[in-house]
Structure formats: structure tokens, C-alpha cells
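Data block below; observations after.
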Amino acid sequence: TRRISAEGMSEMVFIARKDGGDVMRIEGMDGRVSAIRISGAGIADERGMTIGRSGFTDFKGDIGRDCSVREDREGATLLCQSEDEAIMYFFTSPMPVFLNADGSIRLNTLPATAPLTGMLWYPLD
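Residues -3 to 121, numbered by the numbering used here, are exactly what the sequence shown covers, in order.
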């Protein structure tokens, strides 16, 4: 746990670790949780999406509307928002995911087996 203060704002950060790596990071400001970042295998949300066990095929949202792609040297990361927009899911793909001319994801290039590797939750209130 650590406290960060800047420009009159105070932020608390709680980091849970397992085997030397971060599995959850809870950030708070003004006495409230502002974000929870989850990367530990076996941690699930209320919809049953579980890091390390769920895959892209388990995502129930509208792929065209709710998902985008971020490419880097290791492959592609699919970023998909939950229906209520409170949770961002991160699916890692070892192969490229291609886009159509309008910027939408080309559905036939989506890897069904891309595992869920992270979640980011923001409170909606």
C-alpha cells in the first residue's frame, strides 16, 4: 500500500502480489475506489469472466461496437468493454488481427482462443 500526493490530491494504491508479480491493483482517491486493475490468473468478475480460463469466445458483447485492437511486438491485444461499460477486458492474441477500411475489426481474423489476460474496472457512479 502506498499514498501518492500531488497538487492537493491524495491517491491510495493497494497492490496484491503473488509469486513476485502483481495480481491486482486497487487505486483510490478521495476515500473512494477509482479503478481496479486485475491480471492474476483465476480472478473472476461477476459475469464469470476468469483470467487465464476465459477466452475471447466467452465475451458476450457486440464485437463491432465494444472491441478495439492494440498491436505491439508480441502480437495483438483485443480490448473489449462490458455492456455496462464498467469493465474493460484484455484478450491477448499471438497473431495479428486485421481491420476493415472503416477501422472496424475484420471478424474472420479474430482468434477464438485468445485468452483473457487482464481486466480494468471503473465505478460508474
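Glycine residues also receive a C-beta, built at the ideal position from the N, C-alpha and C atoms. Bear in mind the structure is a predicted one, so any value in this text is a computation, not a measurement.
For this session: Have a look at Asn96 and Met20 and give me their C-alpha separation to the nearest angstrom.
Result: 35 angstroms
query = Whole-angstrom Cβ separation of Leu74 and Phe87, contact assumed at under 8 angstroms?
reply = 4 angstroms
Original post:
Near Gly51, which residues of its chain fall below 8 angstroms by C-beta distance, leaving aside the five closest residues on each side in sequence?
Top reply: Phe87, Ala108, Thr109, Ala110, Pro111, Leu112
- prompt: Around the Cβ of Leu120, are there at least 16 other Cβ atoms within 10 angstroms (buried) or fewer (exposed)?
  reply: exposed
> Near Pro90, which residues of its chain fall below 7 angstroms by C-beta distance, leaving aside the five closest residues on each side in sequence?
Replying inline: Gly71
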